[in-house]
Amino acid sequence: MTISARQAGLVGCLRCGRVHLPDVALCTRCGAALSSRDPNGLQRVWAWWLAGLLVYIPANLYPMLLTRTLTQRTESTIIGGAVELFQHGDAGIALIVFVASVVIPVGKFIAIAFLAMSLEKRHLMTEHAQHRLFAVVEFIGRWSMIDVFVVAILASLVRFDAVATINPGIAAVSFALSVAFTMQAAQSFDPRTIWDD
Amino acid sequence: MPPRAAESSFTAHAVPLAELRACPHCDALHRLPQVQPRERAVCDRCGSVLIAPRADAFTRIFALAATSLILMGAAVFMPFLDLSASGLHNRASVLDAALAFSQGAMVPLSVAVAALIVVIPALRLMLILYTLAPLVAGRPVLSRARQAFRLADRLKPWSMAEIFVIGVAVALVKVAGLAMVTPGPAFWAFCALVLVTVLQDSFMDKEQIWQAIAGAEPANDAAEGAQP
Ligand SMILES: [Zn+2]
Ligand SMILES: [Zn+2]
Chain A
1 MTISARQAGL VGCLRCGRVH LPDVALCTRC GAALSSRDPN GLQRVWAWWL AGLLVYIPAN
61 LYPMLLTRTL TQRTESTIIG GAVELFQHGD AGIALIVFVA SVVIPVGKFI AIAFLAMSLE
121 KRHLMTEHAQ HRLFAVVEFI GRWSMIDVFV VAILASLVRF DAVATINPGI AAVSFALSVA
181 FTMQAAQSFD PRTIWDD
Chain B
1 MPPRAAESSF TAHAVPLAEL RACPHCDALH RLPQVQPRER AVCDRCGSVL IAPRADAFTR
61 IFALAATSLI LMGAAVFMPF LDLSASGLHN RASVLDAALA FSQGAMVPLS VAVAALIVVI
121 PALRLMLILY TLAPLVAGRP VLSRARQAFR LADRLKPWSM AEIFVIGVAV ALVKVAGLAM
181 VTPGPAFWAF CALVLVTVLQ DSFMDKEQIW QAIAGAEPAN DAAEGAQP
């Protein structure tokens, strides 16, 4: 039967796995701060989650890209950009962009909230399912930053003063913040609590 | 080699603390098994890899990290992309991409992008080189090696060079119909950097490195050995 370090009256280091007696404050091997369980972890998860959600709203309302050519000036939002690609006949690329910049960010908010709730209501998911969902959220979260990089590259490339220019829109800032905040939310999670009874 | 489940049924108090490991993902307590290079031991409960040592790992990681750092230098200072459309030309470097947000209120985002794609990846490589150089040479680790390697581990999620490369690919598709883009040497350096980093991470076993650091600490073996 598997027992946890906590059940054995010991504290495991979250960074390196070294096991300590409960009165030790810093890991003797890697120097990280030790805690059997982070008592405020779940609160910090919700705080970062909420902050991420709040800045995600302007990220969708305001333009991500401002395109200026000789004849016209267009502003495109995140969803607008995907729709535009779709209308130009690039369905495959439009689908990838839609998944990366809409489905994944929204899915991440739902997944983190679901994980946080299932720690309180144990019947929502099995421990193994929670463990896998957490691994997915942790892995995929940083990839949303791709949208910000695309805007940066386009704006630095398309710079033909009078003829055509692309400028970044203010939504890029709130989108980047939203990605950073949700990454913080995932990192505030103490995955060991998934397995506690 | 099939993964081995680490031993998890034993009397915890009969085993010295230094031989126990708590899985960082689920807190399951294990007795650390003796594992040969190319073998790995996984957590009995959640399946996370606990230890997966590789032969010559430190020499390989060191060489790959040094290569990455050189490639990063090339990627920053060489021409990156060249865009041409109906007789007009524009050249952009990696730093130009980061500085794309340098108007008005978006300046902090420029700083953040530069950090995510260049500064943090480069810093992380330097920290790994600092930690491993003495281990490769068979000497005691330098002072603050523990802090250096811990910081390198913390920075991992924020090191986004590989995400930037995929971002470049998406941007190229977006302008493909409107203009001709010629990738410069910095573009290829960045692609090579990503491949080298993936290879480097495959050799990186944190347990193996922490054991080596603890075993090569200058005149301070007491902390590891003297536990009850
Ligand atoms: Zn530790
Ligand atoms: Zn585990």
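Chains as they are written, first to last, in UniProt numbering: chain A, 1 to 197; chain B, 1 to 228. Built from N, CA and C at the ideal position, the CB exists for glycine as well.
Considering just the uninterrupted stretch of the alpha helix (DSSP H) at I79 (chain A), what are its terminal residues?
Where I79 (chain A) is concerned, the enclosing alpha helix (DSSP H) stretches over 78–87.
For R122 (chain A), return the contacting residues in chain B, with the cut-off set at a CB-CB distance below 7 Å.
Simply none; closest approach about 15 Å.
Scan the stretch 115–153 of chain B and note each continuous alpha helix (DSSP H) run of 4 residues or more that stays entirely inside, going in chain order.
Taking 4 residues as the shortest admissible run, the stretch 115–153 of chain B contains the following complete alpha helix (DSSP H) segments, listed from N- to C-terminal end: 120–136.
Hey, does I120 (chain B) have any beta-carbon neighbour from chain A nearer than 8 Å?
Against chain A, the CB of I120 (chain B) has no partner CB under 8 Å away; the residue lies outside that interface.
CB contact below 8 Å: C26 (chain B) versus chain A:
Yes, because at least one Cβ of chain A sits closer than 8 Å to the Cβ of C26 (chain B).
Nearest-angstrom Cα separation, counted from A63 (chain B) out to L17 (chain B):
The straight-line gap from Cα to Cα measures roughly 34 Å.
Between R60 (chain B) and chain A, is the shortest Cβ-Cβ distance under 8 Å, so that the two count as touching?
no
Run down chain B in chain order and give the residues with a C-beta less than 8 Å from the C-beta of F160 (chain A).
A85, L88, N90
Would you list, in chain order, the members of the stretch 78–92 of chain A that have their beta-carbon closer than 9 Å to a beta-carbon of chain B?
G81, L85, H88, D90
Do S68 (chain B) and ligand 2 come close, with the Cβ less than 7 Å from some heavy atom?
no
I'd like to know whether the C-beta atoms of P191 (chain A) and C26 (chain B) end up nearer to each other than 8 Å.
yes
Stretch pair the stretch 17–33 of chain A + the stretch 169–188 of chain A: three plus CB contacts closer than 8 Å
no
Status (buried if at least 16 other CB within 10 Å, exposed otherwise) for L193 (chain B)
buried
Which runs of the alpha helix (DSSP H) fall wholly inside the stretch 73–111 of chain B and span at least 4 residues, in chain order?
94–98
Does the beta carbon of H25 (chain B) fall short of 7 Å from some heavy atom of ligand 2?
Yes, ligand 2 has a heavy atom inside 7 Å of this Cβ.
What is the DSSP secondary structure of W49 (chain A), counted as helix, strand or coil?
helix
List the residues of chain A whose Cβ lies closer than 7 Å to the Cβ of I166 (chain B), in chain order.
Neighbours of I166 (chain B) in chain A, taken as residues whose beta carbon is under 7 Å from its own, are I146 in chain order.
Please look up how many angstroms separate the CB atoms of C13 (chain A) and R37 (chain A), rounded, as I've assumed it's under 8 Å.
Incorrect: roughly 13 Å between the Cβ atoms, too far for contact.
Using a threshold of 7 Å, is the CB atom of A33 (chain A) nearer than that to any non-hydrogen atom of ligand 1?
Result no, Cβ not under 7 Å from ligand 1.
Measure the CB-CB distance between A176 (chain A) and L109 (chain B) and report whether it falls below 8 Å.
yes
Looking at the structure shown, is A5 (chain A) part of a helix, part of a strand, or coil, going by DSSP?
Here A5 (chain A) sits in coil by DSSP.
Within 7 Å: the Cβ of A28 (chain B) and any heavy atom of ligand 2?
yes
Counting pairs of Cβ atoms below 8 Å between the stretch 42–52 of chain A and the stretch 116–135 of chain A, do you hit three or more?
By the criterion of at least three beta-carbon pairs nearer than 8 Å, the stretch 42–52 of chain A is in contact with the stretch 116–135 of chain A.
At a cut-off of 7 Å, is R37 (chain A) close to ligand 1 when judged by its beta-carbon and the heavy atoms of the ligand?
no
With a threshold of 8 Å on Cβ separation, who are the neighbours of V102 (chain A) within its own chain once the five nearest residues in sequence on each side are excluded?
I78, I79, A82
In this structure, does DSSP put A162 (chain A) in helix, strand or coil?
In the structure shown, A162 (chain A) sits in coil (DSSP, three-state: anything other than H, G, I, E or B).
Distance check for A41 (chain B) and I209 (chain B), CA to CA, integer angstroms please.
16 Å
Run of the alpha helix (DSSP H) containing H131 (chain A), from where it starts to where it stops:
127–141
Along chain B, in chain order, which residues have C-beta atoms closer than 9 Å to that of M183 (chain A)?
Correct list: P157, W158.
Over what stretch of residues does the alpha helix (DSSP H) that includes V173 (chain A) continue unbroken?
Looking at the DSSP string, the run of the alpha helix (DSSP H) that includes V173 (chain A) is 171–188.
Could you tell me if R144 (chain B) is buried or exposed, where buried requires 16 or more neighbouring beta carbons within 10 angstroms of its beta carbon?
So R144 (chain B) ends up on the exposed side.
Listed from N- to C-terminal order along the chain, which residues in the stretch 47–69 of chain A have their beta-carbon within a distance smaller than 9 Å of any beta-carbon of chain B?
none
Smallest Cα separation from L124 (chain A): which of A:E138, A:A5, A:I194?
A:I194
With H, G and I counted as helix, E and B as strand and the rest as coil, what does DSSP make of H123 (chain A)?
helix
Beta-carbon spacing of A186 (chain B), M72 (chain B) below 8 Å
no
Only counting the same chain, and skipping five residues up and downstream in sequence, which positions put a Cβ closer than 8 Å to that of L20 (chain B)?
Same-chain partners within the cutoff: A12, L29, H30, R31, L32.
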